[in-house]
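The next block holds one structure in the form of structure tokens; read it before the comments.
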Amino acid sequence: MTLRIGNFSGFYGDRSDALREMLTGGELDVLTGDYLAELTMLILGRDRLKDPGAGYARTFPRQLEECLGLVHDRQVKIVTNAGGLNPAGLAARVRELAERLGVPLRVAHVEGDDLTAAHPGSLAAHAYLGGFGIAACLRAGADVVVTGRVTDAALVTGPAAAHFGWPPDAYDRLAGAVVAGHVLECGTQATGGNYAFFTEGPGDVGRPGFPLAELHEDGTAVITKHPGTGGFVDVGTVTAQLLYETAGARYAGPDVTARLDTVRLRQDGPDRVRIEGARGEAPPPTLKVGRNRLGGFRNEVVFVLTGLDVEAKAALVRRQLAPALGKVADARWELVRTDRPDAATEETASALLRLVVRDADQQAVGRALSGAAVELALASYPGFHVLAPPGKGAPYGVFEDAYVPQDAVEQVAVLPDGRRVPVAPAPDSAVPEDVPEPPLPGPPPDGPTRRAPLGLVAGARSGDKGGHANVGVWARTDAAWSWLAHTLTVDRFRALLPETAPLPVTRHVLPRLRALNFVVEGILGEGVAAQARFDPQAKALGEWLRSRHLDIPEALL
């Protein structure tokens, strides 16, 4: 018995026609839509400040309206966390939509994740719930299940537990569903999107299709996509997504702690990757709570420095603006050398000097800065201009983690008939501990080497978790893995990415995936909403690593 679960959204703002594409492209039992991220919760929190009835992903009802008849005719269940901060409000909106269109759909929702009242000063504080509230709704006959903050993988563990009748302690099978759910959650990142070797794939990644999982009762799965859709699915694309925003061997969640070091991948035909071997353990005794709060106000201005004397021009601007910045709590300058000598165009002859300021006082980063910057228009370096004048200053957010006991959260499944069913916490728990580093493969043989980019022999994918970043790096052959495992140490990683040198860096070894996962603590400051870096979500950190040169055995090139 196979459960076919597809994905039609990897984030709030994903391709709007994906729901129709997935419904019409092939056979499916369940469609999941993932809309939530740390930054999204802040955005929805600000929406709710303006309108208490808001707080959910407004694009979802529009997508559903165009496809509601198809959902009913094809008997596909829809499970989505688009409810955000207001799952009851979105569920009511879906019911109204179904009644208006005359489509008999049963709608349920899950609540209990909202802990904002218990965290004063937070704009939004929400616990990451598991999949058994979703399972309760589906077992009661729901056609559409709306949740608030659940783990991304819960969108798959819930339908799987409902379909196969898994009990809460079926840890190995739940771990398999978590792994499949983690692959699906970011949509087209599993089918060639954002993929390191995108130029080498068998499919066109100009418009990748969305992924689906053929999930089996024993927790094994095959990742694939609808026939005729773009992109491709191979061991590399699935490995990349497995490493995305994870860390070590134990991947803890509210339903199960999945052991990523047990997972095996193998190609099972064109655009088919089999996932097997996943083992699970009891989940931790606590639930993660994502807290978003307003951190103050932020502003920025980017000065364009063209031609000669770039360093001197930057120094002049910094000296001229120093008086205006004296009372600002945080001012950061960054000179980005995009210029080239003897450039053929003005743009390629120019460098960018970026100033970012933050303060609790909007006036300090607003009019005071904009006035001082504009006054330099005729009184600074030759060729003075900016990409855009600074505005009045905008609020920025701060993301923080907290943890609460599982039994401190009252999760409730609100069934299609309105009954409210409490969802019990996990029956057992275990505090996850670090796994001892597994044995490394034998060292690579001696031989000639050549200076070349790491990315010629290794893929990478990176992302954010609060203020931390992870960089997953993997090899595609056993020989390359032997070299990578012995070469890319923490010290070498820091040398290749000097910005990480003063920060705590942890290396996790995953031999079955031929992969290393590096966690860099604090590189993103207070999280994506604070925009502390040029790349605030560390999306390109892995690609920077791949571009760095080191001595690579010629046999691998």
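Numbering (the numbering used here), first residue to last: 1291 to 1847. Beta carbons are placed, not taken as given, at the ideal position from N, Cα and C, and that holds for glycine.
At least 8 Å separates the beta-carbon of V1468 from that of P1574. Residue environment: P1695 is assigned as exposed (fewer than 16 neighbouring CB atoms within 10 Å of its CB, all protein chains considered).
With 16 or more other Cβ atoms inside 10 Å of its own Cβ, L1502 counts as buried. Taking 8 Å as the cut-off, the beta carbon of V1446 is found no closer than this to the beta carbon of V1384. Secondary structure note for K1603: its alpha helix (DSSP H) is the uninterrupted segment V1600 to L1615. Collapsing the DSSP output to three states places V1361 in a helix.
With respect to V1320, L1293 sits close: the two C-beta atoms are nearer than 8 Å. In this structure, H1409 and R1644 do not form a Cβ contact; the two beta carbons are roughly 33 Å apart against a cut-off of 8 Å.
In this structure R1564 is buried. Its beta-carbon is surrounded by 16 or more other beta-carbon atoms within 10 angstroms. Contact between the segment 1422-1429 and the segment 1449-1456 is established, with three or more Cβ pairs separated by less than 8 Å. Taking the Cα positions, D1599 is about 32 Å away from A1820. Taken atom to atom, the span from the alpha-carbon of R1569 to that of A1662 is near 60 Å. The beta-carbon distance between G1379 and G1343, rounded to whole angstroms, is 6 Å. This is short enough to meet the 8 Å contact definition. Exclusion of the five residues before and after R1836 leaves A1486, P1743, L1744, G1745, A1748 and A1750 as the residues of its chain whose Cβ lies within less than 7 Å of its Cβ. Under the three-state reduction of DSSP, T1489 is assigned to coil, being neither helix nor strand. Within a 10 Å sphere around the beta-carbon of R1797 sit 16 or more other beta-carbons, which makes this residue buried. With contacts defined as CB atoms closer than 8 Å, V1440 and N1371 qualify as a contacting pair.
Where A1388 is concerned, the enclosing alpha helix (DSSP H) starts and stops at P1377 to L1391.
Three or more beta-carbon pairs separated by less than 8 Å are not found between the segment 1516-1524 and the segment 1414-1423, which leaves the two stretches without contact. With respect to the C-alpha of I1813, the residue from P1788, L1847, H1758 and L1840 having the closest C-alpha is H1758. Secondary structure at V1694: strand, using DSSP grouped into helix, strand and coil.
Counting the other Cβ atoms within 10 Å of the Cβ of T1514 gives 16 or more, which makes it buried.
For P1517, the closest of E1624, L1318 and P1680 by C-alpha to C-alpha distance is L1318. Judged by DSSP in its simplified three-state form, G1762 adopts strand. When DSSP states are grouped into helix, strand and coil, P1342 belongs to the coil group. With 16 or more other CB atoms across the displayed protein chains lying within 10 angstroms of its CB, M1331 is buried. In the structure shown, G1681 falls within a coil segment according to DSSP collapsed to helix, strand and coil.
Secondary structure at V1725: coil, using DSSP grouped into helix, strand and coil. In this structure, the CA atom of W1834 is about 10 Å from the CA atom of A1828. In the three-state scheme derived from DSSP, where H, G and I count as helix and E and B as strand, F1824 is classed as coil. For the 8 Å CB-CB criterion, E1571 and T1510 do not form a contact. Selection V1711, P1715 and T1739 evaluated against A1398 yields V1711 as nearest (Cα-Cα). When secondary structure is reduced to three states using DSSP, I1813 falls in the coil class, being assigned neither helix nor strand. Going by DSSP, S1640 is part of the beta strand (DSSP E) stretching over S1640 to D1649. For A1619, the CB contacts under 8 Å within the same chain, skipping 5 residues up- and downstream, are G1586, R1648, D1649, A1650 and A1654 in chain order. Minimum Cα-Cα distance from L1360 among the listed residues G1673, P1394 and L1329 corresponds to P1394.
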